[in-house]
Amino acid sequence: MAGRCFEDWTVGERIVHEIRRTVTETDNLLFTVMTHNPQPLHLDAEAARASEFGQILVNGTFTFSLMVGLSVADTTLGTLVANLGYDKLAMPAPVFIGDTLRAETEVHALKASRSRPEAGIVTFAHRMLNQRDETVCECLRTALVRRREAA
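Numbering (our numbering), first residue to last: 3 to 153.
Below you can see the structure in the form of structure tokens.
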């Protein structure tokens with residue numbers, strides 16, 4: 003099991019996730035059509051070229067999903083009971099096809115679960131950066147995580 007139990011976390015702990023991912027045209031195209039998003043900025047090269055970006059803009063929900071996905075192996079793989087929510091989602095810079103993305107996580111908060119003594123609540127601050135070290139996505143993820151032993 004790669005993920006950690008509630009007792010294994012400390013507030014302020016930081017993880018630099020090792021897996022990086024270069025975004026491809028296929029990633030953006032498949033994710034965009036799978037989610038029925040007809041935004042021309044993601045699908046139409048001519049419309050995107052005429053925009054302020056001058057090129058296809060990668061679907062922001064793909065970027066968000068990839069950021070969370072890159073964090074899972076080091077955070078909640080095998081220990082997650084449920085994701086309880088995502089807050090303060092921001093995308094301060096665009097992502098383009100060919101960008102290489104990496105993720106970092108900091109433990110933002112820890113709280114015992116009142117309704118589930120076998121689990122605790124961990125709030126992770128996730129951040130996605132591109133190859134120029136620009137933050138392209140960030141959020142807080144609140145996760146219900148197993149304890150080794152009930153409190």
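C-beta atoms are modelled at their ideal positions from N, C-alpha and C, and glycine is treated no differently.
Query	Result
For the beta strand (DSSP E) containing M93, name the first residue and the last one.	Segment: none, M93 is in no beta strand (DSSP E) and carries neither H nor E.
I'd like to confirm the pairing. Which residues does DSSP put opposite G87 in its beta bridges?	T144
Taking R51 as part of the alpha helix (DSSP H), name the residues at either end of that continuous run.	47-51
Could you please give the first and the last residue of the uninterrupted alpha helix (DSSP H) stretch that includes T107?	Note, T107: premise wrong, no alpha helix (DSSP H); beta strand (DSSP E) at 102-114.
What did DSSP end up calling V70 once you bin it into helix, strand or coil?	helix
Going by other Cβ atoms of all chains shown within 10 Å of its Cβ, with 16 needed for buried, is H44 buried or exposed?	buried
Could you give the distance in angstroms between the alpha-carbon of E106 and the alpha-carbon of H19?	6 angstroms
Sort T125, L112, R51, E54 by Cα distance to K90 and report the nearest one.	T125
Are G100 and G5 closer than 7 angstroms when you measure CB to CB?	no
Between the alpha carbons of V138 and A111, how many angstroms are there, rounded?	23 angstroms
From which residue to which residue does the beta strand (DSSP E) around L131 run?	121-131
In terms of DSSP beta bridges, what is I17 paired with?	T107
Leaving aside the five residues before and after L86 along the sequence, list all residues of the same chain whose C-beta is less than 8 angstroms from its C-beta, in chain order.	I123, T144, A145, L146
Quick one: give me the first and last residue of the alpha helix (DSSP H) that V35 is part of.	27-36
Under 7 angstroms between the Cβ atoms of V60 and V25?	yes
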